[in-house]
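Chemist: Here it is, the structure, as structure tokens.
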Amino acid sequence: MNIIVCIKQVPDTTEVKINPETGTLIREGVPSIINPFDTYAIEEGLRLKEKFGGKVTVISMGPPQAMEALKEAVAMGADEAILLSDKAFAGSDTWATAYTLSQAIKKLGEFDLILCGKQAIDGDTGQVGPGIARQLGISQLTYVFKIRHLDPESRTIVVERLLEEGREVVETKLPALLTVVKDINQPRYPTFLGIRRATRMQIPVWGAADLPGADSSKFGLKGSPTQVVRVFNPPKREGKVEIIQADSVDEAASILADKLLAEKVI
Amino acid sequence: MDFALTEEHQMVRKMVREFAEKEIAPYIKELDRKHQYSRDILTKMGQQGILGICIPVKYGGAGMDYISLAIACEELERVDTSARVVLSVHIGLNSLSLLQWGTEEQKQKYLVPQAMGQKIATYALTEPNAGSDAVGIQTTARKEGDHYVLNGEKMWISLADVADHFLIIAWTDMEKKKKRDHSGMSAFIVERSFPGVKTGTIHGKLGVRAGNTGSITLTDCMVPAENLLGQEGEGFKIAMSALDGGRYTVAAGAVGLIEACLEASVRYANERYAFGVPIGQHQLVQQMIAKMVARRDAGRWLVYYAGWLKNQGIRNTRETSLAKWINCDAAFDSAADAVQIHGAYGYCDEYDVERYLRNSKGAVIYEGSREIHQLIQAQYALGYRQDKPLRCELPAYDPVEWQSEG
Ligand SMILES: Cc1cc2nc3c(=O)[nH]c(=O)nc-3n(C[C@H](O)[C@H](O)[C@H](O)COP(=O)(O)OP(=O)(O)OC[C@H]3O[C@@H](n4cnc5c(N)ncnc54)[C@H](O)[C@@H]3O)c2cc1C
Ligand SMILES: Cc1cc2nc3c(=O)[nH]c(=O)nc-3n(C[C@H](O)[C@H](O)[C@H](O)COP(=O)(O)OP(=O)(O)OC[C@H]3O[C@@H](n4cnc5c(N)ncnc54)[C@H](O)[C@@H]3O)c2cc1C
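Residue numbers (this note's numbering), protein chains in the order written: chain E, 45 to 310; chain A, 56 to 461.
What follows is the structure, given as structure tokens:
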């Protein structure tokens with residue numbers, strides 16, 4: 045199994061600050077982590093490798109400091125890592141990000157599976173995984189919560205998707221792209237051996253010039269069809285607390301049930 | 056001079072911190088309240104390789120250096136002292152002594168499973184009637200054929216009721232025992248399964264309530280002669296050099312405890328209002344915060360310097376003792392200030408700082424009380440005390456050697 049995991053480095057906070065003038069994320073001064081959903085993708089990749097053999101390659105597009113995220117993935121057990129970093133990639137929207145990542149994946153050659161997180165906790169669009177699948181012309185299985193069955197011989201995969209209304213079981217052919225939710229597994233910690241490998245590994249950095257097959261007008265800000273018109277915080281939701289007073293617990297419960305029914309919550 | 060932690064050290068810190076926050080922090084308040092020790096946490100520490108962090112790979116360890124050991128202690132004690140105590144006895148006092156003094160057979164038999172976390176180890180010097188006065192211990196080891204027969208009682212032993220292997224200090228020369236000549240003491244590797252070993256747990260402790268502390272009773276305990284660590288008569292030297300390892304972990308842990316006090320205090324000082332402003336704006340509160348910062352940073356460099364000496368293979372008894380004394384006092388003072396900053400809320404276990412205060416007191420007593428460390432420092436300064444070379448020194452850290460498989 046040749047497995048590719050796409051990981052994004054994100055600020056270690058759910059409160060993303062945005063530059064109001066440019067509409068882009070402010071990364072400075074915020075400690076960075078691997079996008080939490082991507083750690084589940086790494087873990088799933090490692091488990092599949094342990095089961096079927098092969099290798100796990102992690103790739104990330106981002107500023108030079110995204111190298112840290114890749115090293116952490118190697119410390120968890122990933123075999124290889126590639127950093128996509130170039131001024132030409134800066135300002136990419138989800139389309140340009142997916143384009144650049146898929147060009148790099150093409151360059152890597154044959155693969156069986158691409159794993160992504162279901163979404164990034166900063167950008168939050170959940171579009172990059174599906175975007176890569178479309179660019180590469182392969183099936184996409186999003187919100188995967190369990191891999192039920194994977195057969196490298198017949199090249200089929202069956203997964204359970206976690207949807208709002210329930211679970212859905214779907215099957216497709218490899219190669220495929222999966223985006224995973226956090227119920228899929230429990231990610232491991234880096235190991236000491238992995239930490240040593242990671243700190244000694246020379247991780248290649250690819251820029252625009254390393255993707256000669258690509259159309260460079262599709263990179264970065266100029267290759268991004270999305271125009272950010274304005275970025276703003278939605279008004280805070282006003283909540284109010286109501287304390288139900290009653291003589292008995294049963295009575296309080298029935299008042300509560302009535303109110304919930306009236307509000308159409310239940 | 057080079058003050059920089061390597062990238063490896065930084066990744067070790069991140070990993071141990073994440074481990075402690077996920078595997079220990081969510082449970083610690085309840086464990087502490089119930090005076091309950093968790094085998095589960097210990098098992099996970101073993102699986103993660105933390106119980107063999109600075110032991111060579113060929114002896115089942117993770118092959119990291121002595122600074123990594125300090126970082127792990129800091130990060131564990133930042134969450135709870137009981138987790139750091141495990142590293143103190145299991146690695147600092149026991150495993151490092153096997154690495155320093157053990158024969159190849161002893162290392163294979165005992166160090167390997169300890170480093171892999173399959174067996175838990177501790178160190179037993181203290182007795183009901185002798186703590187600081189180590190020469191005052193009463194436990195004896197009589198040679199009979201190819202065995203030693205041990206009799207005596209050890210007290211206040213961390214992990215007494217949990218450990219599989221004990222490093223026991225006892226008298227083998229009864230004449231020298233009468234004369235209090237410590238060259239009559241020897242050290243033994245004792246397994247829980249040996250006949251005549253009984254252990255118990257001490258209840259009602261002020262702190263480290265999520266840790267196990269207890270007694271070991273040895274009644275005609277039969278120990279094979281090959282379980283003598285070092286030579287007959289080297290027991291006192293082994294016991295003292297073990298403390299160079301143990302005290303180092305305690306000193307490092309204390310830095311983590313100060314860090315925890317500081318983090319909690321900063322958070323609270325920004326949240327709590329008094330006289331219309333966050334209490335952090337009151338200068339006397341700032342003074343307490345400033346002192347915590349000073350104690351943490353000064354303490355960290357004392358520990359890392361001792362660790363650097365260990366990495367170089369340079370004797371560090373004085374530097375380690377200094378770090379242990381200063382940092383444990385500093386942790387206690389910081390914890391007391393952290394409770395102060397939290398006011399009445401700090402006085403109950405809704406917040407963690409009261410636990411920090413209770414936990415910090417033990418380290419001012421064990422592994423050399425603060426009084427003993429002051430005596431040691433003064434004796435070096437006055438020229439009453441000098442380190443003589445040991446027959447076996449703790450090996451310097453050699454990354455190639457430490458990480459080779461065979
Ligand atoms: C006009 C425009 C300009 C922008 N400029 C910037 C900018 O200058 N700086 C900036 O930080 N952001 C910028 N962004 C945001 C950027 O487009 C997104 O962060 C990025 O495309 C990923 O989208 P997302 O965060 O929603 O990820 P999602 O689509 O939610 O991520 C899903 C999964 O895709 C994978 N993935 C996502 N991003 C990457 C990546 N970079 N490398 C590897 N795998 C990845 C991961 O597996 C992730 O879990 C810009 C966006 C727009 C619209
Ligand atoms: C939580 C905990 C865990 C422990 N774990 C272990 C363990 O794993 N293994 C182990 O062997 N021991 C362990 N101990 C024991 C510990 O090392 C001893 O308690 C310590 O050495 C002090 O000995 P003592 O309690 O007998 O006090 P004493 O030696 O009786 O001292 C009492 C007081 O007198 C002071 N004092 C003694 N002599 C002098 C002097 N010459 N000058 C000035 N003041 C002096 C001391 O500083 C102290 O304040 C542990 C103790 C605790 C509390």
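Even glycine gets a Cβ: it sits at the ideal position worked out from N, Cα and C.
Asp-137 of chain E: buried (16+ other C-beta within 10 angstroms of its C-beta) or exposed?
Modeler: As a working mapping, residue 137 of chain E is identified with position 93 in the first sequence. Per the 10 Å Cβ criterion, buried.
Chemist: Please list, in chain order, all residues of the same chain as Val-190 of chain A whose beta carbon is under 6 Å from its beta carbon, the five residues on each side excluded.
Modeler: Position 135 of the second sequence, counted from the start, is the residue given in the question as residue 190 of chain A. Within the same chain, Val-190 of chain A has close Cβ partners Arg-235 and His-237.
Chemist: Any Cβ of chain A within less than 8 Å of the Cβ of Tyr-233 of chain E?
Modeler: Locating residue 233 of chain E in the first sequence gives position 189, where the first residue counts as 1. True, the Cβ-Cβ gap to chain A drops below 8 Å.
Chemist: In the DSSP assignment, find the alpha helix (DSSP H) that holds Cys-383 of chain A and state where it starts and stops.
Modeler: Along the second sequence, one-based indexing puts residue 383 of chain A at 328. Element bounds for Cys-383 of chain A: 372–396.
Chemist: May I ask you to verify whether the stretch 102–119 of chain A touches the stretch 334–349 of chain A, counting CB pairs closer than 8 Å and requiring at least 3?
Modeler: The answer is no - the stretch 334–349 of chain A does not touch the stretch 102–119 of chain A, with fewer than three Cβ pairs under 8 Å.
Chemist: Let me know the secondary structure DSSP gives Glu-182 of chain A once reduced to three states.
Modeler: Numbered from 1 along the second sequence, position 127 holds the residue referred to as residue 182 of chain A. In this structure, Glu-182 of chain A counts as strand in the three-state DSSP scheme.
Chemist: Quick check: does the Cβ of Ile-427 of chain A come within less than 7 Å of any heavy atom belonging to ligand 2?
Modeler: If you number the second sequence from 1, residue 427 of chain A lands on position 372. Checking every heavy atom of ligand 2 against the Cβ of Ile-427 of chain A, one is found closer than 7 Å.
Chemist: Might you give, ordered along the chain, the residues of its own chain that have their beta carbon closer than 6 Å to the beta carbon of Arg-247 of chain A, omitting 5 neighbours on each side?
Modeler: The residue labelled residue 247 of chain A in the question sits at position 192 within the second sequence. Within the same chain, Arg-247 of chain A has close Cβ partners Asp-219.
Chemist: Compile a chain-ordered list of the residues in the stretch 213–245 of chain E whose CB is closer than 8 Å to at least one CB of chain A.
Modeler: From the stretch 213–245 of chain E, only Tyr-233, Pro-234, Thr-235, Phe-236, Leu-237, Ile-239, Arg-240, Ala-242 and Thr-243 have a Cβ closer than 8 Å to chain A.
Chemist: Just to confirm the assignment, what range does the beta strand (DSSP E) spanning Cys-276 of chain A have?
Modeler: Here residue 276 of chain A corresponds to residue number 221 of the second sequence, with the count starting at 1. Run containing Cys-276 of chain A: 268–279, per the beta strand (DSSP E) assignment.
Chemist: Where Ala-306 of chain E and Val-54 of chain E are concerned, what is the direct C-alpha to C-alpha distance, given to the nearest angstrom?
Modeler: Walking along the first sequence from the start, residue 306 of chain E turns up at place 262. Walking along the first sequence from the start, residue 54 of chain E turns up at place 10. Roughly 42 Å separates the two Cα atoms.
Chemist: Assign Pro-333 of chain A to one of three DSSP states: helix, strand, or coil.
Modeler: As a working note, residue 333 of chain A is residue 278 in the second sequence. Strand at Pro-333 of chain A.
Chemist: For Pro-219 of chain E, which of E:Thr-169, E:Asp-156, E:Gly-170 and E:Leu-207 has the nearest alpha-carbon?
Modeler: To locate residue 219 of chain E, count along the first sequence from 1; it is residue 175. Ranked by how close their Cα comes to the Cα of Pro-219 of chain E, the residues E:Thr-169, E:Asp-156, E:Gly-170 and E:Leu-207 have E:Asp-156 in first place.
Chemist: Relative to the C-alpha of Leu-255 of chain E, which candidate in E:Gly-121, E:Phe-133 and E:Phe-276 has its C-alpha closest?
Modeler: In the first sequence, the residue the question calls residue 255 of chain E occupies position 211. Nearest option by C-alpha distance: E:Phe-133.
Chemist: According to DSSP, which residues form a beta bridge with Met-105 of chain E?
Modeler: Taking the first residue of the first sequence as position 1, residue 105 of chain E is located at position 61. Looking at the DSSP assignment, Met-105 of chain E forms a beta bridge with E:Leu-128.
Chemist: Would you call the CB atoms of Tyr-406 of chain A and Asn-267 of chain A closer than 8 Å?
Modeler: Residue mapping note: residue 406 of chain A aligns to position 351 of the second sequence, counting from 1. Residue mapping note: residue 267 of chain A aligns to position 212 of the second sequence, counting from 1. No, the pair does not count as a contact, with Cβ atoms beyond the cut-off.
Chemist: Could you check the C-alpha separation between Ser-320 of chain A and Gly-398 of chain A for me, to the nearest Å?
Modeler: Position 265 of the second sequence, counted from the start, is the residue given in the question as residue 320 of chain A. Position 343 of the second sequence, counted from the start, is the residue given in the question as residue 398 of chain A. Cα to Cα, Ser-320 of chain A sits roughly 11 Å from Gly-398 of chain A.
Chemist: DSSP puts Asp-195 of chain E in a beta bridge; with which residues?
Modeler: On the first sequence, residue 195 of chain E is found 151 positions in, with the first residue counted as 1. BP columns for Asp-195 of chain E point to E:Thr-200.
Chemist: Please check if any C-beta of chain A sits within less than 8 Å of the C-beta of Ala-119 of chain E.
Modeler: What you label residue 119 of chain E is simply residue 75 of the first sequence in a count that begins at 1. Yes, because at least one Cβ of chain A sits closer than 8 Å to the Cβ of Ala-119 of chain E.
Chemist: Which whole-angstrom value is the C-beta distance of Asp-135 of chain A and Ala-265 of chain A, which I expect to be below 8 Å?
Modeler: Mapped onto the second sequence, residue 135 of chain A falls at position 80. Mapped onto the second sequence, residue 265 of chain A falls at position 210. About 6 Å separates the two Cβ atoms, so the contact holds.
Chemist: Indicate the three-state DSSP secondary structure (helix, strand or coil) for Thr-158 of chain A in the structure shown.
Modeler: Residue mapping note: residue 158 of chain A aligns to position 103 of the second sequence, counting from 1. It is coil, neither helix nor strand.
Chemist: Under a Cβ-count criterion, where at least 16 other Cβ atoms within 10 Å of its own Cβ denotes burial, should Ala-142 of chain E be classed as buried or exposed?
Modeler: To locate residue 142 of chain E, count along the first sequence from 1; it is residue 98. Its Cβ being crowded by 16 or more others within 10 Å, Ala-142 of chain E is buried.
Chemist: Name the chain E residues whose beta carbon is nearer than 9 Å to that of Ile-108 of chain A?
Modeler: Counted from its first residue, the second sequence places residue 108 of chain A at position 53. In chain order: Phe-236.
Chemist: Where Gln-342 of chain A and Gly-300 of chain A are concerned, what is the direct C-alpha to C-alpha distance, given to the nearest angstrom?
Modeler: Numbered from 1 along the second sequence, position 287 holds the residue referred to as residue 342 of chain A. Numbered from 1 along the second sequence, position 245 holds the residue referred to as residue 300 of chain A. Distance between the alpha carbons of Gln-342 of chain A and Gly-300 of chain A: 34 Å.
Chemist: So what does Phe-243 of chain A bridge to, in DSSP terms?
Modeler: In the second sequence, residue 243 of chain A corresponds to position 188, counting from 1. Looking at the DSSP assignment, Phe-243 of chain A forms a beta bridge with A:Ile-223 and A:Leu-283.
Chemist: What are the residues in the stretch 116–130 of chain A lying within 9 Å of chain E by C-beta distance?
Modeler: Gly-116, Ala-117, Gly-118, Met-119 and Ser-123
Chemist: Mind pulling the chain E residues with CB within less than 8 Å of Val-67 of chain A?
Modeler: Taking the second sequence and counting its residues from 1, one reaches residue 67 of chain A at position 12. Neighbours of Val-67 of chain A on chain E, chain order: Phe-236 and Ile-239.
Chemist: First and last residue of the beta strand (DSSP E) that includes Ile-77 of chain E?
Modeler: Here residue 77 of chain E corresponds to residue number 33 of the first sequence, with the count starting at 1. It spans 76–78 - the beta strand (DSSP E) in which Ile-77 of chain E sits, taken as one unbroken run.
Chemist: Where do the ends of the beta strand (DSSP E) carrying Arg-197 of chain A lie?
Modeler: Here residue 197 of chain A refers to the residue found at position 142 of the second sequence. Here the beta strand (DSSP E) through Arg-197 of chain A covers 195–199.
Chemist: Determine, using beta carbons only, whether Gln-50 of chain A comes closer than 8 Å to chain E.
Modeler: Since the displayed chain A opens at 56 and closes at 461, residue 50 of chain A lies outside it and no answer follows.
Chemist: Suppose the cutoff is 7 Å on Cβ atoms and the five residues either side in sequence are ignored; what does the same chain contact list for Leu-412 of chain A look like?
Modeler: Your numbering for residue 412 of chain A matches position 357 in the second sequence. Hits under 7 Å: Ala-390, Ala-391 and Val-394.
Chemist: Measure the C-alpha to C-alpha separation of Gly-264 of chain E and Pro-107 of chain E and round it to an integer number of angstroms.
Modeler: Stepping through the first sequence from its first residue, residue 264 of chain E is reached at position 220. Stepping through the first sequence from its first residue, residue 107 of chain E is reached at position 63. Gly-264 of chain E and Pro-107 of chain E: Cα-Cα distance of roughly 12 Å.
Chemist: If we ignore side chains and look at the alpha-carbon of each, how far apart do Gly-417 of chain A and Asp-384 of chain A end up?
Modeler: Your numbering for residue 417 of chain A matches position 362 in the second sequence. Your numbering for residue 384 of chain A matches position 329 in the second sequence. Each residue's alpha carbon lies about 10 Å from the other.
Chemist: Between the C-alpha atoms of Pro-80 of chain E and Ile-165 of chain E, what's the straight-line distance to the nearest angstrom?
Modeler: Residue 80 of chain E sits at position 36 when you count from the first residue of the first sequence. Residue 165 of chain E sits at position 121 when you count from the first residue of the first sequence. Each residue's Cα considered, the two are about 8 Å apart.
Chemist: By DSSP, does Arg-244 of chain E sit in helix, in strand, or in coil?
Modeler: Indexing the first sequence from 1 puts residue 244 of chain E at position 200. Residue state, collapsed to three classes: helix.
Chemist: On the three-pair Cβ rule with 8 Å, is the stretch 80–99 of chain E touching the stretch 221–228 of chain E?
Modeler: Below 8 Å, enough C-beta pairs join the stretch 80–99 of chain E and the stretch 221–228 of chain E to call them touching: three or more.
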